[in-house]
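Under this note's numbering, the sequence shown has 802 at position 120, and the numbering climbs by one with no breaks. Each residue gets a CB set at the ideal place from its N, CA and C atoms; glycine is no exception. Structure record follows, encoded as structure tokens.
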Amino acid sequence: KTYTPSSNSSTSANFSGIGHFFAEASGKPSDLSEISTVIDRVAAELAAQPVDADTLERARKPMLEKLELANNRNGFWLSYVAKAQSEPKRLERIEAKAPILSKLTPADVQATARKYLKKDNSIRIFAKPEEKPNQDSGK
Numbered sequence: 683k684t685y686t687p688s689s690n691s692s693t694s695a696n697f698s699g700i701g702h703f704f705a706e707a708s709g710k711p712s713d714l715s716e717i718s719t720v721i722d723r724v725a726a727e728l729a730a731q732p733v734d735a736d737t738l739e740r741a742r743k744p745m746l747e748k749l750e751l752a753n754n755r756n757g758f759w760l761s762y763v764a765k766a767q768s769e770p771k772r773l774e775r776i777e778a779k780a781p782i783l784s785k786l787t788p789a790d791v792q793a794t795a796r797k798y799l800k801k802d803n804s805i806r807i808f809a810k811p812e813e814k815p816n817q818d819s820g821k
């Protein structure tokens with residue numbers, strides 16, 4: 683089966699150590715349990731052992747390319763410049779992204795997974811289409 687997985691994270695600009703990470707995948711409602719199991723398995727694998735260098739590089743490269751492309755567009759910078767005086771740390775964070783991502787190691791990924799990707803610390807949200815009544819039974 684094929685799913686469309688993605689993940690992202692967000693940290694608070696105001697509160698140190700506060701944020702969230704999410705993993706998601708689209709699929710048929712009947713596959714939700716399997717999708718959830720796969721996400722749990724990948725999280726457990728990331729915590730159990732470091733990813734290999736090639737896998738990390740294949741994930742890192744498009745992220746760095748996207749950052750570089752964004753950095754060369756005015757629209758990207760407008761949102762940061764608009765709040766540069768009131769929130770100077772926003773500029774510091776955006777300038778630090780590429781260097782941090784470039785230095786990230788498989789051990790860093792594993793340590794982060796061990797710290798944050800704990801099944802008992804997760805919240806599950808399932809978005810499913812509304813079930814339609816059976817037209818044969820008149821319900």
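At which residues does the alpha helix (DSSP H) containing P744 begin and terminate? P744 -> alpha helix (DSSP H) spans A735 to N753.
For N690, I'd like the list of residues in its chain whose CB is within less than 7 Å of its CB, leaving aside the five on either flank, ordered along the chain. The beta carbon of N690 is closer than 7 Å to those of F704 in its chain, skipping five residues each way along the sequence.
DSSP three-state label for P770, please. Secondary structure at P770: helix, using DSSP grouped into helix, strand and coil.
To the nearest angstrom, how far is it from the Cα of P744 to the Cα of G757? Across the structure, P744 and G757 are spaced so that their CA atoms are roughly 20 Å apart.
Output the boundary residues of the beta strand (DSSP E) element that contains P815. Premise fails: P815 is in no beta strand (DSSP E) and is neither H nor E.
Between the Cα of A778 and those of T794, E750, I805 and K800, spot the shortest distance and give me the residue it belongs to. It is E750.
Exposure of A764, with buried meaning 16 or more beta-carbon neighbours within 10 Å: A764 counts as exposed, since fewer than 16 other C-beta atoms from the protein chains shown sit within 10 angstroms of its C-beta.
Would the beta-carbon of A729 fall within 8 Å of that of L799? At the C-beta level, A729 and L799 come within 8 Å of one another.
Please report how far the alpha carbon of K710 lies from the alpha carbon of K785, in whole angstroms. Whole-angstrom Cα-Cα distance: 38 Å.
Is it the case that the Cβ atoms of L746 and L783 are separated by a distance below 8 Å? Against a cut-off of 8 Å, the Cβ pair of L783 and L746 comes out as a contact.
Would you list the one or two residues that DSSP bridges to E716? DSSP, once it has assigned bridges, lists no residue as partnering E716.
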